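Undergrad: Residue 470 is where the sequence shown ends in this note's numbering, and the numbering goes up by one at each step.
One structure is given below, represented as structure tokens, and several questions about it will come after.
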Amino acid sequence: MSQRKIRAVYMRGGTSRALFFHERDLPPAGVERDRILSAATGSPDPYGRQLDGMGGGISSLSKACIIGPPTMAGADVDYTFAQVDVKSTLVDYAGNCGNCSGAVGPFAIDEKLVKAVDGETLVRIHNTNTKKLIVAHVPVEDGAAAVTGDFELPGVAGKGARIALDFVEPGGAVTGKLLPTGSPRDVIDGIEVSCVDATNPVVFVRARDVGATGTEPPTAIDADRALSARLESIRVAAATRMGIAPGPGQPKIAMVAPAQAFTALDGVKYDPDQVDLVARAISMGNCHRAFMLTGAMCLAVAARIDGTLVHEAAGAPKGDVRLGHPSGVVPIDAGVAVRAGAPWAERVTVYRTARRLMEGFVLVP
């Protein structure tokens with residue numbers, strides 16, 4: 106059987122990797138496009154390795170991004186994110202990936218979709234999954250996206266050029282409401298939860314309420330089948346309350362706890378005064394090794410909303426929200442105001458690095 110060649114670029118964005126495609130090189134949205142994305146990443150793979158494709162066997166390494174002409178006024182490009190399930194044929198478009206968002210600007214510049222301006226180029230990105238605008242501030246050298254720099258991103262070895270991402274009015278990205286249930290707290294399965302939708306919907310629970318500390322290594326959480334089953338039960342029930350069809354990709358669920366000492370995956374130890382809270386997030390059934398960025402942004406917004414469990418755990422920080430997660434500490438700046446008596450997310454700003462790893466063609470049967 107001959108294989109089909111499709112032009113693609115393999116990129117790291119933040120703590121994720123993804124195959125990047127031009128929209129023109131793929132079939133229209135539908136079954137055939139999904140088949141190509143699954144085959145390219147090596148899914149479905151019952152062994153969980155994606156050995157026959159470009160994926161890495163975990164959710165953060167099994168992704169695709171599709172870039173096309175803008176359909177939103179004022180945007181430079183459209184960007185559609187696809188989360189490819191490792192073990193099944195599912196390709197989920199329900200939400201965005203903040204880490205992959207960090208690579209969209211560099212891709213657009215290097216592919217000549219946006220005119221490069223040496224120093225810094227602004228790329229206005231329309232994320233079609235959430236219908237939201239992202240403004241990427243991309244360092245540029247000699248007409249190309251800069252790679253080297255002095256910014257160190259926890260979870261990524263070495264340093265790189267810092268890319269600032271402004272997520273504009275991120276509230277209600279999937280459900281249309283910042284607080285989808287109408288309340289900062291609800292009770293599900295006998296425990297309190299906070300359901301918040303900013304860049305992506307997340308269900309937050311206190312770690313202690315499910316028998317955890319919030320500082321466990323991801324492998325320990327994945328190995329605790331009772332904990333995983335309870336978190337999944339809460340997540341599915343919360344999805345219904347939020348008005349979301351409970352697929353494996355949305356909403357996410359995360360455990361939060363007050364600031365405490367922890368050791369990151371690279372062995373670095375952090376003291377309680379270096380963070381505002383600690384958290385562990387579940388993505389596609391597994392504990393995320395670095396806390397998915399959209400979830401971290403939702404957490405930062407939730408920390409600014411009175412009454413949420415995140416606000417309780419973080420203690421209402423005045424500056425950046427410093428999140429302690431398995432790969433270290435990430436600061437996130439969130440702006441939340443009040444409109445018509447209800448909280449309103451104005452923006453979230455995060456910092457990432459990105460790098461073009463390979464370019465050419467991906468082959469699919």
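Every residue gets a Cβ at the ideal spot worked out from N, C-alpha and C, and that includes glycine.
Since the model is a prediction, treat every value here as computed from it, not as a measurement.
Quick check on this structure: which residue in Val240, Tyr375, Val315 has the alpha carbon closest to the alpha carbon of Ile358?
TA: It is Val315.
Undergrad: Indicate whether Ser148 and Thr176 have their beta-carbon atoms separated by less than 8 Å.
TA: no
Undergrad: Measuring CA to CA, which of Ile171, Asp181, Ser167, Ile172 is closest to Phe188?
TA: Residue 188 is actually Gln in this sequence, not Phe. The residue with the shortest Cα to Cα distance from Gln188 is Ser167.
Undergrad: Give the single residue among Gly433, Ala421, Asp215, Leu382 whose Cα lies nearest to the Cα of Arg394.
TA: Gly433
Undergrad: For Ala450 versus Gly203, is the C-beta distance shorter than 8 Å?
TA: No; because the gap between Cβ atoms is not below 8 Å, this pair is not in contact.
Undergrad: Given this structure, state the Cα-to-Cα distance separating Ile141 from Val469, to the nearest angstrom.
TA: 7 Å
Undergrad: For Val298, collect the residues of the same chain with a Cβ closer than 8 Å to its Cβ; drop the 5 residues on either side in sequence, then sort them by chain order.
TA: If we look at Val298 and ignore the five residues flanking it on each side, its Cβ neighbours are Arg290, Asp291, Val292, Val308, Phe309, Val310, Ile339, Ala343, Leu414.
Undergrad: CA-CA distance, Arg313 and Met116?
TA: So the alpha carbons of these two residues sit roughly 37 Å apart.
Undergrad: Classify Val373: buried if its beta carbon has 16 or more other beta carbons within 10 angstroms, exposed otherwise.
TA: exposed
Undergrad: Quick one: Cα of Ile171 to Cα of Lys110, how far?
TA: Rounded to whole angstroms, the separation of the alpha carbons of Lys110 and Ile171 is 16 Å.
Undergrad: Which value, in whole angstroms, describes the spacing of the CA atoms of Leu270 and Val191?
TA: 28 Å
Undergrad: Using a Cβ-Cβ cut-off of 6 Å (strictly less than) and excluding sequence neighbours within five positions of Thr185, which residues of its own chain qualify?
TA: Ile171, Thr233
Undergrad: Taking the C-alpha atoms as reference points, what is the distance between Gly162 and Val455?
TA: 26 Å
Undergrad: Contact check, Ala243 vs Ile214 under 8 Å by CB: the rounded distance?
TA: Before going further, note that residue 243 is Val rather than Ala in the sequence given. Indeed, because the Cβ distance is near 6 Å, the residues count as touching under 8 Å.
Undergrad: Which term fits Thr302, buried or exposed, when burial requires 16 or more other beta carbons within 10 angstroms of its beta carbon?
TA: The sequence given here places Asp at residue 302; Thr does not occur at that position. Classification of Asp302: buried, given that the 10 Å Cβ count is 16 or more.
Undergrad: Smallest Cα separation from Val435: which of Pro351, Asp157, Val383?
TA: Val383
Undergrad: Considering only DSSP beta bridges, list what Cys170 is partnered with.
TA: As DSSP reads the structure, Cys170 sits in a beta bridge with Phe125, Phe186.
Undergrad: Would you list, in sequence order, the uninterrupted beta strand (DSSP E) runs of no fewer than 3 residues that lie entirely inside the segment 209-287?
TA: For the segment 209-287, whole beta strand (DSSP E) runs of length 3 or above, ordered along the chain, are 224-232, 237-246, 268-273.
Undergrad: Just list the beta strand (DSSP E) runs in the segment 364-451, keeping only unbroken ones of 3 residues or longer that don't cross its boundaries, in chain order.
TA: 382-388, 426-430, 433-444
Undergrad: In terms of alpha-carbon separation, which member of Pro151, Ala145, Phe272, Thr368 lies closest to Asp438?
TA: For Asp438, the closest C-alpha among the options Pro151, Ala145, Phe272, Thr368 is that of Phe272.
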